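Student: Submitted below is the structure of interest, expressed as structure tokens.
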Amino acid sequence: MSSTSRPTVEQIALWAKVSLAKGGPLDRVLTDRHILDVCGFAQKWKTLASYLGLTQTEQEDLAEDGPYALRRKELMLKEWRSINGQNASYRRLGKAFLDMGSSENAQKVFELSKVTSLPNSSATSAHGSLVSALVSCMEDVGEWYHLGVRLDLPTKKLQSIRKKFDDDSEGALGAMLDLWLKGMSSDSISSEGIDPELLKRLATYLREMSYGKAANEVEMNFLKRES
853 MSSTSRPTVE QIALWAKVSL AKGGPLDRVL TDRHILDVCG FAQKWKTLAS YLGLTQTEQE
913 DLAEDGPYAL RRKELMLKEW RSINGQNASY RRLGKAFLDM GSSENAQKVF ELSKVTSLPN
973 SSATSAHGSL VSALVSCMED VGEWYHLGVR LDLPTKKLQS IRKKFDDDSE GALGAMLDLW
1033 LKGMSSDSIS SEGIDPELLK RLATYLREMS YGKAANEVEM NFLKRES
């Protein structure tokens, strides 16, 4: 917590949670699925990287490897996990957010630690991979809002994403796709992953919007996998 401001009751409670006995959900290693979730709400990736112990050189390398904001955050968290192994826990990430003065994000991390699994691990992996792939290959990520409209996402949800991410179109695209995938009904999630019909729909809309590269990515690398 910042030494320049008096801690709130909420921050004190969260700090106590960080200090709980080891061995619980907070000490599990951060998963790929939850790395993408964290990317959706972590706004200052360089500041977070510093609090997680990554050097300036490591941060500069990540900035070169990740052309998009969302991708840089994902690479940073995966690099942190690779360096720290079993110590790359929800507890340590939550503490980093607390040290930054962001108790809201710390609470989100602690809540994620309670989620032992989503409907199934195969679907979870496919969701995260799809979000990352489309963020990387869409020709104009600034059109994320219109894609969201075509995917029948609620206008209020889309406006909330626009407000949260402001000029970060890559982050907004990732958040929109993640919202769409999370909103799938249980019938759309099987042990194999994402319902092929949903993938066909996504590819169709992408092609109609002249995103041929992204549509091909869905068809070649995801639809084949699920069929």
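Note that this note's numbering has the sequence shown beginning at 853, numbered continuously upward. Beta carbons are placed, not taken as given, at the ideal position from N, Cα and C, and that holds for glycine. Given the structure is predicted, the values throughout are model-derived calculations rather than measurements.
Can the beta-carbon of L882 be found closer than 8 Å to that of R923?
Tutor: No, the pair does not count as a contact, with Cβ atoms beyond the cut-off.
Student: Assuming contact is defined by CB atoms lying nearer than 8 Å, are G1026 and G892 in contact in what I supplied?
Tutor: It is a contact, given that the beta carbons lie within the stated cut-off.
Student: Do you know how far the Cα of V1070 is from the Cα of A901?
Tutor: Roughly 31 Å between the two C-alpha positions.
Student: Could you give the DSSP three-state label for S941: helix, strand or coil?
Tutor: It is a strand residue.
Student: Span of the alpha helix (DSSP H) holding A901?
Tutor: From DSSP, the alpha helix (DSSP H) with A901 extends over 897-903.
Student: Check the C-beta distance from L878 over to S941 and give it rounded, since I have them as a contact under 8 Å.
Tutor: So it is a contact: roughly 6 Å between Cβ atoms.
Student: Measure the alpha-carbon distance for R1059 versus G1023 and round it to whole angstroms.
Tutor: Rounded to whole angstroms, R1059 to G1023 spans 21 Å at the Cα level.
Student: Is it buried or exposed for N1123, if we count other Cβ within 10 angstroms and need 16 for buried?
Tutor: An answer regarding residue 1123 cannot be provided, because it is not within the stretch 853 to 1079 covered by the chain.
Student: Contact check, L1031 vs L1054 under 8 Å by CB: the rounded distance?
Tutor: Not quite, the Cβ-Cβ distance comes to about 13 Å (not below 8 Å), so this is no contact.
Student: Mind checking which residues open and close the alpha helix (DSSP H) that includes D884?
Tutor: 884-893 is the extent of the alpha helix (DSSP H) around D884.
Student: Would you call H886 buried or exposed, if buried means 16 or more other Cβ atoms sit within 10 Å of its Cβ?
Tutor: H886 comes out buried.
Student: Using the C-alpha atoms, what's the distance from D1047 back to G1064?
Tutor: Their backbone Cα atoms lie some 21 Å apart in a straight line.
Student: Could you tell me the alpha carbon to alpha carbon distance between L927 and L914, rounded to whole angstroms?
Tutor: Distance between the alpha carbons of L927 and L914: 7 Å.
Student: What are the boundary residues of the alpha helix (DSSP H) that F1017 is part of?
Tutor: Segment 1007-1017, the alpha helix (DSSP H) holding F1017.
Student: Take R1002 and list the residues in its own chain whose beta-carbon comes closer than 7 Å to its own, dropping the five residues that flank it on each side.
Tutor: Excluding residues within five positions, the ones whose Cβ falls inside 7 Å are Y1057.
Student: Just confirm the distance between the C-beta atoms of L986 and A894, as a whole number of angstroms; I'd bet it's less than 8 Å.
Tutor: In fact, because the Cβ distance is near 20 Å, the residues do not count as touching under 8 Å.
Student: How long is the line joining the alpha carbons of L1050 and L982, rounded to whole angstroms?
Tutor: When rounded, the distance between both Cα atoms is 12 Å.
Student: Name the DSSP beta bridge partners of V881, please?
Tutor: Answer by DSSP bridge pairing, in chain order: S941.
Student: So, are the CB atoms of M952 and H998 less than 8 Å apart?
Tutor: Not closer than 8 Å, so no.
Student: Under 8 Å by Cβ, that's how I've got V961 and L929 pegged, so tell me the actual separation to the nearest angstrom.
Tutor: The Cβ separation is near 11 Å, so there is no contact.
Student: Can you list, in chain order, the residues of its chain whose CB lies under 7 Å from that of R880, leaving out five sequence neighbours each side?
Tutor: Cβ neighbours of R880 beyond the five flanking positions: S941, Y942, S965.
Student: If I'm right that L1010 touches M1028 with Cβ under 8 Å, what's the distance once you round it to whole angstroms?
Tutor: Indeed they touch by this definition, with Cβ atoms about 7 Å apart.
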